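According to this note's numbering, the sequence shown is numbered sequentially starting from 15. Built from N, CA and C at the ideal position, the CB exists for glycine as well. Quick caveat, the model's predicted, so the values are computed rather than measured.
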Amino acid sequence: MNTPEHDRLLIIDFGSQVTQLIARRLRELNVYCEIHPYQNVTDDFLTEFAPKAIIFSGGPDSVMREGSPRPPRKAYEMGVPILGICYGQQVMMQDLGGKVEAGEHATAEFGRAYVTPSETRSDLLSGWFMDGTGREQVWMSHGDHVSEIAPGFDVLGTSPGAPFAITADTERRFYAVQFHPEVHHTPNGKTLYQNFVQMAGFTGDWTMGAYREEAIRKIKEQVGDKRVICGLSGGVDSSVAAALLHDAIGDQLTCVFVDHGLLRLNEGEEVVAMFRDHMNLQVIHAQEQELFLGELDGVSDPETKRKIIGRLFIDVFQKYANEIEGAEFLAQGTLYPDVIESVSFSGGPSVTIKSHHNVGGLPEKMGLKLVEPLRELFKDEVRELGRELGLPDSFIGRHPFPGPGLAIRCPGEITREKLEILRKADAVYIDQIRKHGLYDEIWQAFVAILPVRTVGVMGDGRTYDYACALRAVTSVDGMTADYYPFSHDFLGETATRIINEVKGINRVTYDITSKPPGTIEWE
Ligand code: XMP
15 MNTPEHDRLL
25 IIDFGSQVTQ
35 LIARRLRELN
45 VYCEIHPYQN
55 VTDDFLTEFA
65 PKAIIFSGGP
75 DSVMREGSPR
85 PPRKAYEMGV
95 PILGICYGQQ
105 VMMQDLGGKV
115 EAGEHATAEF
125 GRAYVTPSET
135 RSDLLSGWFM
145 DGTGREQVWM
155 SHGDHVSEIA
165 PGFDVLGTSP
175 GAPFAITADT
185 ERRFYAVQFH
195 PEVHHTPNGK
205 TLYQNFVQMA
215 GFTGDWTMGA
225 YREEAIRKIK
235 EQVGDKRVIC
245 GLSGGVDSSV
255 AAALLHDAIG
265 DQLTCVFVDH
275 GLLRLNEGEE
285 VVAMFRDHMN
295 LQVIHAQEQE
305 LFLGELDGVS
315 DPETKRKIIG
325 RLFIDVFQKY
335 ANEIEGAEFL
345 AQGTLYPDVI
355 ESVSFSGGPS
365 VTIKSHHNVG
375 GLPEKMGLKL
385 VEPLRELFKD
395 EVRELGRELG
405 LPDSFIGRHP
415 FPGPGLAIRC
425 PGEITREKLE
435 ILRKADAVYI
445 DQIRKHGLYD
455 EIWQAFVAIL
465 PVRTVGVMGD
475 GRTYDYACAL
485 RAVTSVDGMT
495 ADYYPFSHDF
505 LGETATRIIN
515 EVKGINRVTY
525 DITSKPPGTI
535 EWE
């Protein structure tokens, strides 16, 4: 989906680990931006994209190396402001006649550094150096450094290891910094981006209200009077996609919600009630618990479980979708981080830790065209759009829940009895977390039921019941995670409640593994 109605900023990606954060900071400033790998940014691309400003990202290469990544010359000739960051600064300096030196000696800097202002002032730094210390903390991460700035540039700020920490050619509106303003360790970095986009003339026209109107128009244009199928998972992304599509095309949309018998307590009914009864969407509630649980019977290997669920999910989805006459489109809640084509310098394929449950390949198999109305959004923008569309906060703020559901929270063989116990224990745990006001602080929390029975004593009697593990993590994106530091009081109270309220569990443990080396789920 193109968005030419907005002022657009282009981020040319030279492979930095934190390029996505630049986009995050800009979106927070209501600026529409896209990340494109430098290899794709040709003269024609630039003409078509018509950016109002350009940012060169950081990157791991050295500009001293022949064949190292470059922007096209045309980027400098478009008359638009450019901001170069780290490697982006070095590229800009070298391209425009300055010098860069390898950082073998004492000039490499990694980590916290402090920048002080030079004589020359610029609006780029308005709001900086205001806290009385006369300096700003920044995050440096560079080996090479600029040793001679390009003609036309002035120095705006220096740090002990970077005499050219902030440079600017005010006439051409080219700015370049040696540090990373997008990371949290540069506390005032957002102000720098704000100044840059303001100087470039952005009006901050990227809001979810505006996005909603535009997306609706585009969906109508794409779909016409054809029918669309949308798989509802109960998660935020597919829910927001469905609500948006329903706003656009009403009853031309049919949702399929596959209940595989591995959902949480009352989850299936709640999702269907919300979409069907409150929001008037057409929802097919595919009650396929028997099929899934039947095929999973006796299976304890985690990968086999995942593969069975993935395969059945596709079969079932296809079966129900085939019944919807005249469907030509399949809607998916794909987000922007999934579509950013990042620059890979390692090249090699990464190992599969877990085969994720997804419906990739389904559209081709079914001969359907894709509608992906969230392709341009980050997760928090999706949440905002969800609010805009009237989805309740309690729903939008939900913790992520994996496609294979409780199957991967039930190590060993899955039985109906264990699932029942797990559902109840999970409900008590989440209730505790909500009551203590911790739900939004935690990225994801759940119970896993362990494949062991342990001996206990309740009243005067011996018990021989399952042990369970509580899991709660903080995370930004699920890629890495830390266990949540609950108080002992909280843990004790929760263990007591679970043992008293859930028949079948007589022992509660707390999982204090971070990721890595653990994963968030148990399988
Ligand atoms: P792991 O366990 O890999 O989980 O650390 C990271 C995040 O991904 C979720 N997860 C999945 N989500 N299909 C999904 O849609 C899956 O197959 C799947 N496996 C794990 C997990 O809940 C956590 O949020």
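Next item on the list: Would you be able to state if there are at least three C-beta pairs under 8 Å between the region 285–292 and the region 421–436?
Entry: No, the region 421–436 does not touch the region 285–292.
Checklist line | Cut-off 6 Å between Cβ atoms - residues of its own chain near Phe167, not counting five sequence neighbours on either side | finding: These residues qualify, in order along the chain: Thr181 and Asp183.
Margin query: Measuring alpha carbon to alpha carbon, tell me which residue in Ile444, Arg41 and Pro86 is nearest Trp220.
Written below: Nearest Cα to Trp220 within the set Ile444, Arg41 and Pro86: Arg41.
Note to self: Tell me the rounded alpha-carbon separation between Pro363 and Val516.
What the structure shows: Note that Pro363 scores a pLDDT of 42, beneath 50, so its modelled location is shaky; the value from the coordinates is reported in the next line. Distance between the alpha carbons of Pro363 and Val516 is about 44 Å.
Next item on the list: Figure out for me which residue from Thr494, Ala127, Ala495 and Cys482 has the closest Cα to the Cα of Thr523.
Entry: The shortest C-alpha separation from Thr523 is found at Cys482.
Next item on the list: Return yes when the Cβ of Leu305 is within less than 9 Å of the Cβ of Leu326, no when it is not.
Entry: Yes, the Cβ-Cβ distance between Leu326 and Leu305 is below 9 Å.
Next item on the list: Taking all protein chains shown into account, decide if Ile510 is buried (16 or more other Cβ within 10 angstroms of its Cβ) or exposed.
Entry: Here residue 510 is Thr; the residue named in the question, Ile, does not match the sequence. With fewer than 16 Cβ atoms within 10 Å of its Cβ, Thr510 is classed as exposed.
Checklist line | From Phe70, Pro85, Ala116 and Val242, residue whose alpha carbon lies closest to that of Arg79 | finding: Closest option to Arg79, Cα to Cα, is Ala116.
Item checked: DSSP-derived helix/strand/coil call for Met78 -> Note: Met78 maps to coil in three-state DSSP.
Next item on the list: Identify, in the order they occur along the chain, each residue of the same chain with its Cβ nearer than 7 Å to the Cβ of Tyr498, setting aside the five sequence neighbours on each side.
Entry: Answer for Tyr498: Ile456, Ala486, Val487 and Thr488, listed in chain order.
Check: In chain order, what residues of the same chain lie with their CB nearer than 8 Å to the CB of Arg39, ignoring the 5 residues before and after it?
Finding: Excluding positions up to five away in sequence, the list reads Pro195, Glu196, Gly203, Lys204 and Tyr207.
Checklist line | Cα-Cα separation between Glu337 and Thr268, rounded to whole angstroms | finding: The straight-line gap from Cα to Cα measures roughly 11 Å.
Notebook entry, point to check: Which full runs of the alpha helix (DSSP H) of 4+ residues lie inside the region 27–98, going along the chain?
Noted result: Complete alpha helix (DSSP H) runs here, min 4: 33–42, 57–63 and 88–91.
Notebook entry, point to check: Would the region 70–77 and the region 86–103 be scored as touching if the rule is three or more Cβ pairs under 8 Å?
Noted result: By the Cβ test, the region 70–77 is in contact with the region 86–103, since at least three Cβ pairs between them sit closer than 8 Å.
Next item on the list: Mind checking who Asp137 pairs with in its DSSP beta bridge?
Entry: BP columns for Asp137 are empty, so no partner.
Checklist line | Those residues which DSSP pairs with Met380 across a bridge | finding: Partner(s): none; Met380 has no beta bridge.
Item checked: According to DSSP, residues forming a beta bridge with Val152 -> Ala127.
Check: Can you round the beta-carbon distance between Lys240 and Gln266 to whole angstroms, since I take them to be within the 8 Å contact cut?
Finding: Taking 8 Å as the upper bound for CB-CB distance, Lys240 and Gln266 are in contact here, some 7 Å apart.
Notebook entry, point to check: Distance, Cα to Cα, Asp329 vs Leu277?
Noted result: So the two alpha carbons sit approximately 19 Å from each other.
Check: Is DSSP giving Phe460 helix, strand or coil here?
Finding: Phe460: strand per DSSP, three-state reduction.
Check: For Gly245, which residues does DSSP report across the bridge?
Finding: Its beta-bridge partners are Val270.
Item checked: Among Leu405, Ile354 and Lys234, nearest to Thr33 - alpha-carbon criterion -> If we check each option's Cα against that of Thr33, Ile354 comes out closest.
Next item on the list: May I ask you to check if the CB of Gln192 is nearer than 8 Å to at least one heavy atom of the ligand XMP?
Entry: Between the ligand XMP and Gln192, a heavy atom-to-CB distance of less than 8 Å is absent.
Margin query: Could you tell me the alpha carbon to alpha carbon distance between Leu24 and Glu431, rounded to whole angstroms?
Written below: Whole-angstrom Cα-Cα distance: 54 Å.
Next item on the list: State the DSSP-derived secondary structure class of Ala182, mapped to helix, strand or coil.
Entry: Secondary structure at Ala182: strand, using DSSP grouped into helix, strand and coil.
Notebook entry, point to check: Just to confirm, does Lys529 get its C-beta within under 8 Å of one of the non-hydrogen atoms of the ligand XMP?
Noted result: Yes, the ligand XMP has a heavy atom inside 8 Å of this Cβ.
Next item on the list: Please work out which residues of its chain come closer than 6 Å, Cβ to Cβ, to Leu60, disregarding the five sequence neighbours upstream and downstream, and give them in chain order.
Entry: Non-local C-beta neighbours of Leu60 in its own chain, meaning closer than 6 Å and more than five positions away in sequence, comprise Lys88, ordered along the chain.
Checklist line | C-beta atoms of Val396 and Val254 nearer than 9 Å | finding: Taking 9 Å as the Cβ cut-off, Val396 and Val254 qualify as a contacting pair.
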